[in-house]
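In what follows, a structure is listed as structure tokens, so that the remarks can point back to it.
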Amino acid sequence: MKVTYKALLDVYTEIEENMVSEERSYRVYYAKEAMKNQVRAYYLESKWFHQKHTPTMEEYMAVALVTSAYAMLAATSFVGMGHVVTKDSFDWMLNLARVIDVVYKDEDGYTNAGTALKDLVSALLIDHVTM
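Take the sequence shown: its position 44, counted from the start at 1, is 44 in full-length UniProt numbering, and no numbers get skipped.
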């Protein structure tokens, strides 16, 4: 696992070096962080396997959301998309990841939108606390 992790970090370092001249090296930070989260989640799944631990649905869903690789693939794809992608795009992607986390954290909030998700949306958009 360490060898794979090191190899991935080397790839991102090489990409970052190429991006410096284009003043887009900040993009690699997002991709690296997504990759680190991915590796942490794989490590946890590996730990469960070796300990013969069967996670609860709540434990599994929190990890499965990351190991599905949507965040890492999106962030890494954004890195090489030229001038089409801005810092706002990365922030949007990060917020999308947070929304997906909220929707699917404890249960399938999309399918069961009338229950838990309804309360979350109300709390965020209707009954929000003004600052």
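Where is the CB? At the ideal position from N, CA and C, for every residue including glycine.
To the nearest angstrom, how far is it from the Cα of residue i to the Cα of residue j?
i           : j      : result
Val28       : Asp119 : 36 Å
residue 134 : Val3   : In the structure displayed, the chain extends from 1 to 131; residue 134 sits before or after that span and is not available.
Ser21       : Tyr42  : 33 Å
residue 132 : Leu44  : The chain is shown from 1 up to 131; residue 132 falls before or after that span and cannot be answered.
Glu17       : Leu94  : 23 Å
Met57       : Glu23  : 43 Å
Please classify residue i as buried or exposed, where buried requires at least 16 neighbouring CB atoms within 10 angstroms.
i     : result
Gln51 : exposed
Lys47 : exposed
Phe78 : buried
Do residue i and residue j have their C-beta atoms within less than 9 Å of each other?
i     : j     : result
Ile15 : Gly82 : no
Met72 : Ala31 : yes
Glu33 : Ala75 : yes
Tyr12 : Lys87 : no
**Cβ contact check for the region 61-72 and the region 27-47: 3 or more pairs under 8 Å** = yes
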